[in-house]
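Position 27 of the sequence shown, counted from 1, bears residue number 27 in the working numbering, the numbering being contiguous throughout.
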Amino acid sequence: MSSSKSNILFIINPISGGKKKTDLPVLIDQYLDKEKFAPIYAFTEYVGHAAELTEEADKKNYDIIVAVGGDGTINEVASKLVHSDKVLAVVPFGSGNGLARFLNIPLKAKKAIELINIGTSQTIDTAELNGKKFFNMAGMGFDAHLSSVFAGNKKRGLKSYVELGFKEITTYKAQSYHIEIDGKAYDKDAFAISIANSSQYGNNVYISPKSSLTDGYLDVCIIHPISLVKLPILAFQMITAKTHQSSLVKIIRGKHINIIRKAPDAVHLDGEPLQLGEQLEIKIIPASLKILTGV
1 MSSSKSNILF IINPISGGKK KTDLPVLIDQ YLDKEKFAPI YAFTEYVGHA
51 AELTEEADKK NYDIIVAVGG DGTINEVASK LVHSDKVLAV VPFGSGNGLA
101 RFLNIPLKAK KAIELINIGT SQTIDTAELN GKKFFNMAGM GFDAHLSSVF
151 AGNKKRGLKS YVELGFKEIT TYKAQSYHIE IDGKAYDKDA FAISIANSSQ
201 YGNNVYISPK SSLTDGYLDV CIIHPISLVK LPILAFQMIT AKTHQSSLVK
251 IIRGKHINII RKAPDAVHLD GEPLQLGEQL EIKIIPASLK ILTGV
């Protein structure tokens, strides 16, 4: 490889978003500037493989590591690049692509590849929940419950997610939480709690429209217990980015958050579900990840 070129590794999740990517190296070869970059490709084979590939690549002479997949794939790669001198790039192939949308990274693969040729590097904040990193959004309550149920669903994609959501929402009950945000305590019943580093879940559905990836804060978004008749109101506020003005949602900014719930339950980190205990600690790690953006 020519020393004048930047070495770039594409870590490709072959099944994210339900779209096959076997021909992606051909597309990259067509649109990546070969005068600037010397590309290498690696396909993931199981959950956690992207993290392993990134950890190995971080020790080598790559300048840019590209996560090709959804928010879960991005999370695996980005988690290993916190405080690294490597730059993360994204070719989004997820169902929601929340982080990519926030950073104005094109959703079409061709355009996202072309952005790598000209993109500027920005340093963004990382968030951490019980030691596990997330970059876009974490949550508990209904959205975590739905992510957990959806993970076992054979059908993928947004349509299946929405259909399952309508089914689950009719029986889900609000939970009680003790929340401490930078030392101030709140006792709340909540339908869901989202910890927002960026503004949206994905698909331009906004929970915290004023959130920033570079302000050193997280936004704790508490969705109050809500009747089914008011759900269309909340949905409209989310798609019009008005939740910060909503009486159905309370948003509190902070850097260090502790949450205690009644029992172990699901949480999600960037849309990927896992089971954790009653006590949750969330922190912000300011200016800790270099990423190519379209901003």
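For each residue, glycine too, the CB sits at the ideal point set by N, CA and C.
Quiz item: Between the beta-carbon of ALA179 and the beta-carbon of TYR186, is there less than 8 Å?
Solution: Position 179 of the sequence shown holds residue 179. Position 186 of the sequence shown holds residue 186. Checking the sequence, you will find Ile at residue 179 rather than Ala. Yes. Within cutoff.
Quiz item: Under the three-state reduction of DSSP, which class applies to THR293: helix, strand or coil?
Solution: Taking the sequence shown and counting its residues from 1, the one referred to as residue 293 is at position 293. Residue state, collapsed to three classes: strand.
Quiz item: Using the C-alpha atoms, what's the distance from ASP265 back to GLN275?
Solution: As a first step, residue 275 must be located in the sequence shown, where it is residue number 275. As a first step, residue 265 must be located in the sequence shown, where it is residue number 265. Our two residues, GLN275 and ASP265, have alpha carbons roughly 5 Å apart in a direct line.
Quiz item: Between the C-alpha atoms of LYS290 and GLU45, what's the straight-line distance to the nearest angstrom?
Solution: For the purposes of this step, residue 290 is taken as the residue at position 290 of the sequence shown. For the purposes of this step, residue 45 is taken as the residue at position 45 of the sequence shown. One C-alpha to the other measures close to 26 Å.
Quiz item: So is ASN136 buried or exposed if we call it buried at 16+ other beta carbons inside 10 Å?
Solution: Against the sequence shown, residue 136 aligns to sequence position 136. So ASN136 counts as buried.
Quiz item: Can you give, in chain order, each stretch of the beta strand (DSSP E) that sits fully within the segment 192–233 and has at least 3 residues?
Solution: Taken in chain order, the complete beta strand (DSSP E) segments of 3 or more residues contained in the segment 192–233 are 192–196, 200–202, 218–223.
Self-check item: Which of helix, strand or coil DSSP assigns to SER2
Solution: Numbered from its first residue, the sequence shown carries residue 2 at position 2. Legend: pLDDT at SER2 = 44, less than 50; position of this residue unreliable, value from coordinates given subsequently. Looking at SER2 - three-state DSSP - the assignment turns out to be coil, as it is neither helix nor strand.
Exercise. Starting from TYR177, follow the beta strand (DSSP E) in both directions and report where the run begins and ends.
Key: Residue mapping note: residue 177 aligns to position 177 of the sequence shown, counting from 1. Per DSSP, the unbroken beta strand (DSSP E) holding TYR177 starts and ends at 175–181.
Exercise. Could you check how far apart the C-beta atoms of ILE8 and ILE74 are, in whole angstroms? I think they sit under 8 Å.
Key: Stepping through the sequence shown from its first residue, residue 8 is reached at position 8. Stepping through the sequence shown from its first residue, residue 74 is reached at position 74. Contact doesn't hold; Cβ gap of about 16 Å is too wide.
Exercise. Within the same chain, show all residues whose beta-carbon is closer than 6 Å to that of THR123, passing over the 5 residues directly before and after it, in chain order.
Key: Numbered from 1 along the sequence shown, position 123 holds the residue referred to as residue 123. Excluding five sequence positions before and after THR123, the CB atoms of its chain that fall closer than 6 Å to its own CB belong to ALA287, LYS290, given in chain order.
Quiz item: What's the call for GLN200, buried or exposed, on a 16-neighbour Cβ count within 10 Å?
Solution: Reading the sequence shown from its first residue, position 200 is the one you call residue 200. Per the 10 Å Cβ criterion, buried.
Quiz item: Can you tell me whether THR170 is buried or exposed, with buried defined as 16 or more other CB within 10 angstroms of its CB?
Solution: On the sequence shown, position 170 is the one that residue 170 refers to. Under this definition THR170 is an exposed residue.
Exercise. Could you say which of PHE134, LEU103, GLY254, ILE15 lies nearest to VAL82 if we only look at CA atoms?
Key: Against the sequence shown, residue 82 aligns to sequence position 82. Relative to the Cα of VAL82, the nearest Cα in the group PHE134, LEU103, GLY254, ILE15 belongs to PHE134.
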